[in-house]
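As C-alpha cells, the structure follows; a few thoughts come after it.
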Amino acid sequence: MMQGEDRKKRKPNLNPRSVSEEYCLRERPKEDTTRMKNKLSTSVVNSKKRPWSWDQYLDEERAIAAPPRLFTECQSFPCSKNGFKIGMRLEGIDPLHPSMFCVLSVAEVIGYRLRLHIDGYSECYDFWVNADSPDIRPAGWCESAGRKLHPPKGYKMNEFNWEKYLDSCNAQAAPKNLFKSQTSTNTTSKFEVGMKLEAVDRKNPCLVCVASVADIVDNRFLVHFDNWDDTYDYWCDASSPHIHPVGWCQDHGRPLTAPQGHPNPEHFVWEEYLEDNGASAVPSQAFCMRTPHGFQNNMKVEVVDRRNPMLIRVASIVDTEDYRVKVHFDGWHSKFDFWVDSDLPDLHPVGWCARTGHPLEPPLTNAGPSDLKSSMTQGVCPTPGCRGVGHIKGAKYTGHHSAFGCPYSDINMKKEVVLPDRLGGEKQITFVPVHFVQKTKRLCAEQEEEEVNDKDSHEENREELSGCDTAPRPRGRPPGHATIKREYKEEPSSQGQKAYSLLGKRSRLTTRIAQSTKYLRIKDEEEEIELNSMIAEKNVDSLQQALHQSVFLSAMSAQPGRDLPLCWEQHCKLLPGVAGVQASRVAHWTVEEVADFIHSLPGCEEQAKQFREEQIDGKAFLLLTQRDIVKIMSVKLGPALKIYNSILMFKHAEDNQSASSDTNT
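Residues in the sequence shown are numbered consecutively from 1, following full-length UniProt numbering.
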C-alpha cells in the first residue's frame with residue numbers, strides 16, 4: 001500500500017477530490033484496482049493542516065518568484081484550456097528517436113499536460129508533453145506534410161490507414177483545433193535540408209560535431225550528426241545556442257568532432273568534406289543566437305521532476321550560465337539538482353500549476369520531520385520525502401513500495417534504466433535515462449577519471465544516457481580525439497574497457513560480471529521485462545544491493561556447478577531455506593510440501609497457491625525450466641527467478657554431495 005505526504009499542501013482552489021482523481025486517471029493495464037485505491041487513500045488532503053501557498057512561502061523564505069517576462073511562450077501561462085481527452089489519437093515525435101513521427105494516444109491528462117503512449121508498444125516508453133507542444137500533430141498530418149508516419153507495432157507502413165485504425169480501436173482522432181497553430185516565420189528560410197553546420201552534441205555538451213539539417217517543420221529544423229544514429233538528433237530553431245556555422249570551431253579554437261568513419265578525423269577539412277558530399281554550408285547569416293536569459297540565483301520556479309515526470313515541484317534557481325540554469329527542488333538534497341536549458345518547456349513561472357489545474361508538489365520542509373518519519377515506518381517507500389508515487393521504469397507502473405522501484409533511492413541515483421529498444425528487437429538494448437532530456441555533464445577528458453572515482457562533488461551532474469539501438473549503425477563518439485568519451489566506442493577500449501558498453505548489443509557484457517552469468521539490471525516483483533539483458537552497478541556498496549543483483553537478477557547458469565560459487569553465499573543468505581537441501585530429497589516432496597516451500601520464498605505467497613492448484617510434486621518441480629515458470633505458468637519475473645534459482649541450488653547441492661562422496665572413496 002502506498003503512503004505519502006498529504007496533498008493538503010496544494011493550492012486551495014484544488015479540492016481534495018479533484019487532486020486524487022487526477023492521480024487516478026492513469027490507464028495501467030496491469031494495475032491492481034484495490035492496491036491503487038489504497039495508494040490514493042493516503043493522498044487525500046487533510047483538512048486539519050493548513051494548505052500550502054506560494055504567497056506565504058515566498059514571504060517566509062524572503063524569496064522572489066522568477067518574473068514571467070523571463071519565460072518563453074511555451075513555458076508561460078497558456079491562453080487556452082487543455083481539451084485533449086484520454087483515448088484520443090494523434091501523431092507526434094518519439095523523444096527517443098527524434099526523426100520519427102509515430103501514432104500516439106492520450107493515456108493521461110493532468111492540467112495542461114499529457115502523457116502520450118506510442119501505440120503498440122509498452123507503457124515504459126510513454127512520455128509527457130504540454131498540450132501546446134510543437135512535437136504533436138493531428139492525425140493525418142504526416143500524409144499531408146509529406147512525412148513518413150511510423151504505425152503501431154504489427155502494422156505495415158504502406159498499409160496503415162487512419163480511418164480503419166480508428167474504427168478498429170473504437171477511438172477518435174484528437175480534433176485539429178486542440179493543437180496549437182504553428183505560425184510560419186522566416187527564421188528557417190535560409191536553412192535547407194542537407195545543408196551542413198557545426199552543432200553541440202546535447203548529450204555530450206563539450207563536443208561540437210559535424211552535422212546536417214535533416215528535416216524542417218515550421219520554424220524548427222532537425223539537427224542530425226553525420227554518420228551517427230538518430231538518437232543524438234534534436235529539434236531547434238535558428239536562435240539556438242547549440243548550433244554554429246561551418247568554421248565556428250576553428251575561429252574559436254575549439255576541436256571539431258569529425259563524422260564517424262572519416263579517414264582523417266584529426267585533420268578534418270570542411271572544404272574537402274563539402275566537395276566530397278556535394279553539400280553546401282548553412283549561410284552564416286542564417287544563425288541568430290538569442291540573448292542570454294535573465295534568471296538569477298534564488299529565484300523560485302515550478303519545474304517538472306525529471307526523475308518522476310508526472311510531478312511538478314517547487315524549485316529554486318541555484319546556478320546559471322548564459323543559456324542554462326541549475327534547478328534545485330526546495331527541501332530536497334542537492335544531489336537531485338540538475339541543469340536545464342533556460343527555454344526548456346518543463347520550466348514554468350510561479351502559479352503555472354494553479355492556473356492550469358495541475359497539482360504542485362510543495363517543498364519537503366513544509367511536510368515536517370514527523371511526516372517524513374511516518375512515511376518510512378508505515379511499510380511504504382523508505383526514501384525520505386517520497387510518497388511512493390511513480391516508478392523508476394516509467395509510466396507502466398503507477399507507484400512503488402521499495403527502494404528498488406523508487407526514482408529517488410540511492411541505488412537508482414547512479415544508474416540508467418535498462419529497456420529493450422522498442423525498434424531494435426530482442427538482440428539490442430536501450431539505455432533510457434530517468435528523464436528523456438539532454439545530458440548535463442560536460443564530458444571532458446579530465447572528468448572521466450572523476451566519474452570513475454565516483455566523486456560526490458560531481459554527482460549532481462552525472463551523465464545521463466538516452467541512446468537506442470535502431471540498426472547496426474555507428475554508435476557513440478569517434479576514437480582518437482582528446483575530448484572524446486571513449487566508453488561510447490562499440491569496440492573494447494585499449495585503455496581497459498570501462499564498466500559497460502553504453503550503446504552496444506546485449507552480447508557486449510561488462511568485464512566485472514562473471515562470464516556465463518546473466519543479470520537483469522533491477523527487478524521489483526511487480527515488473528515484467530525481458531530476461532536476456534544484463535548490467536552491473538559501478539559500486540555495490542551494500543549487502544542488499546549485492547543480494548538483489550545475485551538472486552533476483554537473471555540468474556544462474558544451466559550448469560550451476562561451474563558458476564554458482566561466484567554468488568553462492570549471497571543466494572544462501574536471501575534464500576536460507578534452500579541451503580544444503582539436495583535434489584534427491586526434493587524429488588520425494590509431495591504437492592503440499594512443494595507449495596509450502598514456494599510459500600516460504602519472499603514474495604511468492606500467490607505462486608504457492610498456483611503450484612498447489614497445478615498439483616506439482618517434487619519430481620515435477622525439479623524438471624521445471626525458467627521458461628516453463630515464466631511462459632507456461634505465467635509467473636511474474638521476480639518470483640520466477642527466485643523459484644528457478646532454488647531449483648538450481650537444489651541440484652548444485654546434490655552435485656556437491658556426489659563430488660564429495662567420490663573424493664572420499
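Don't be surprised by glycine CBs; every beta carbon is placed ideally from N, CA and C.
1. Please specify which runs of the alpha helix (DSSP H), each continuous and at least 4 residues long, are wholly inside the UniProt repeat "MBT" (52-152), giving them in chain order.
2. By DSSP, does D341 sit in helix, in strand, or in coil?
3. Please report how far the alpha carbon of H588 lies from the alpha carbon of I632, in whole angstroms.
4. Does any residue of chain C have a CB that is nearer than 9 Å to the CB of G294?
5. Is the separation between the beta-carbon of P362 and that of V301 shorter than 9 Å?
6. Does the region 150-160 touch the region 109-124, meaning 3 or more C-beta pairs lie closer than 8 Å?
7. In angstroms with no decimal places, state the Cα-to-Cα distance between K498 and A171.
8. If distances are taken between C-alpha atoms only, which option among V325, H224, C209, W228 comes closest to F268?
9. Just reading off the alpha helix (DSSP H) that H293 is part of, what are its end residues?
10. When you compare each of I136, F71, K335 to D343 by their alpha carbons, which one comes out closest?
11. I want to know whether the region 73-91 touches the region 101-116 - three or more CB-CB distances under 8 Å.
12. If the criterion is Cβ atoms closer than 9 Å, does the pair P241 and V200 meet it?
13. Going by alpha carbons, who is nearest to D585 out of K651, R612, V246, P639?
14. With the cut-off set at 9 Å, would you say W128 and V340 are in Cβ contact?
15. To the nearest angstrom, how far is it from the Cα of K176 to the Cα of G140?
16. Comparing C-alpha positions only, which one of T291, F287, P259, G294 sits nearest to N277?
17. Output the boundary residues of the alpha helix (DSSP H) element that contains W270.
18. Out of D167, A211, L96, which has the shortest C-alpha to C-alpha gap to P420?
19. Determine, using beta carbons only, whether D233 and H224 come nearer to each other than 9 Å.
20. Taking the alpha carbon of S239 as the point to measure from, which residue in N297, F221, S80, C249 has its own alpha carbon closest?
21. Would you call the CB atoms of I110 and H400 closer than 9 Å?
22. For H224, report the span of its beta strand (DSSP E) as first-last.
23. Roughly how many angstroms separate the alpha carbons of V380 and R313, rounded to a whole number?
24. Determine the DSSP secondary structure at C288, reduced to helix, strand or coil.
25. Identify the residues that DSSP records as bridge partners of A173: which are they?
26. Under a three-way DSSP split, which group does E192 fall into?
27. What is the rounded straight-line gap between the Cα of I64 and the Cα of S53?
28. So, A595 versus K609, is the Cβ gap smaller than 9 Å?
29. Nearest to E198 by alpha carbon, out of C236, T257, C169?
30. Is Y234 helix, strand or coil when you go by DSSP?
31. Please look up how many angstroms separate the CB atoms of L166 and F84, rounded, as I've assumed it's under 8 Å.
32. If you draw a straight line from the alpha carbon of C206 to that of P255, how long is it in whole angstroms?
33. Considering only C-alpha positions, which residue in the set D126, Y112, F101, A174 is nearest to G146?
34. Could you check whether W270 and K196 sit closer than 9 Å to each other, using their CB atoms as the reference points?
35. Compare the beta carbon distance of L364 and W332 with 9 Å and say whether it is the shorter of the two.
36. Please report the straight-line C-alpha distance between C236 and P309, rounded to a whole angstrom.
So, from the data block:
1. 54-61, 141-145
2. Of the three classes helix, strand and coil, the one that applies to D341 here is strand, per DSSP.
3. 24 Å
4. In the structure shown, chain C does not exist; there is a single protein chain.
5. no
6. yes
7. Caution applies to K498, whose pLDDT of 32 falls short of 50 and renders its modelled position unreliable; the value that the coordinates give is listed next. Cα-Cα distance, rounded: 48 Å.
8. Between F268 and the set V325, H224, C209, W228, the nearest pair of CA atoms involves C209.
9. Taken as a continuous stretch (DSSP letters only), H293 belongs to no alpha helix (DSSP H), as it is neither H nor E.
10. Ranking I136, F71, K335 by Cα distance to D343 puts F71 first.
11. In short, these stretches touch, since the Cβ pair count reaches three.
12. yes
13. This sequence places Arg at residue 585; Asp is not what is there. The option with the nearest alpha carbon to R585 is K651.
14. Cβ atoms of W128 and V340: not closer than 9 Å.
15. 10 Å
16. P259
17. 270-277
18. L96
19. yes
20. F221
21. no
22. 220-225
23. Spanning the two alpha carbons is a distance of roughly 21 Å.
24. coil
25. BP columns for A173 point to R89.
26. Of the three classes helix, strand and coil, the one that applies to E192 here is coil, per DSSP.
27. So the alpha carbons of these two residues sit roughly 14 Å apart.
28. yes
29. T257
30. strand
31. L166 to F84, Cβ: 16 Å. No contact.
32. 10 Å
33. F101
34. yes
35. yes
36. 22 Å
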